[in-house]
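FYI, in the numbering used here the residues of the sequence shown are 53 to 191.
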Amino acid sequence: MAHSPLHDPARPEAPTNTGLHINFLYGIAAFVLIIIFTMAGALTPGTFLLGPIMEELTKVQLARNAREGVAAGLGFGIMETAAYGGNNIIIWMLRSISTIPLHAGMTGMAAQGISQSRLLPLVVAIGIHASYNGILRLF
């Protein structure tokens, strides 16, 4: 297997689900990190390409496989929904069937690709995420 700078071959996959819990919590922390970047001016709200690049690269850091990537994406998606949804139950419902699965799926895809030293799944995940954000900008 070719070495990728995003994959450490010395970190074999864990045989337990401990990584899922850690990655879920890391997904929550990744959301906080993205908010800090946004507040510092590194990301401007509404950027439909830079946001997905930063988000996917941040969420996938600890994930060693697709399951751990999905866990990180779920943590991130839930936090993002809480931030955008606030007390609006309609926003919560809409984001629960769109944004949370998007984050889980794209991070899972990216993590699986990186675990196999392939960057194409990461690029596809960023592209799908950016397309989703671009569609939302139309509304």
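A virtual CB, placed ideally from N, CA and C, is assigned to each residue, including glycine.
Quantities reported herein were computed from a predicted structural model and do not represent experimental measurements.
Host alpha helix (DSSP H) of residue i (start-end)
i	result
residue 22	No information on residue 22 is available, as it lies outside the stretch 53 to 191 that the chain covers here.
residue 185	172 to 189
residue 164	151 to 167
Exposed unless 16 or more other CB atoms sit within 10 angstroms - verdict on residue i
i	result
residue 54	Summary for residue 54: the model assigns pLDDT 48, below 50, so the residue's position carries little reliability; its value from the coordinates is reported in the next sentence. Exposed is the call here.
residue 112	buried
residue 172	exposed
residue 140	exposed
residue 149	exposed
residue 187	exposed
residue 114	buried
residue 88	exposed
residue 178	buried
residue 174	buried
residue 136	exposed
If you pair each beta-carbon of the stretch 174 to 184 with each one of the stretch 100 to 108, do three or more pairs fall below 8 angstroms? yes
Is the number of C-beta pairs between the stretch 118 to 127 and the stretch 159 to 167 that are closer than 8 angstroms three or more? yes
Does the count of Cβ pairs from the stretch 143 to 153 and the stretch 69 to 85 closer than 8 angstroms reach three? no
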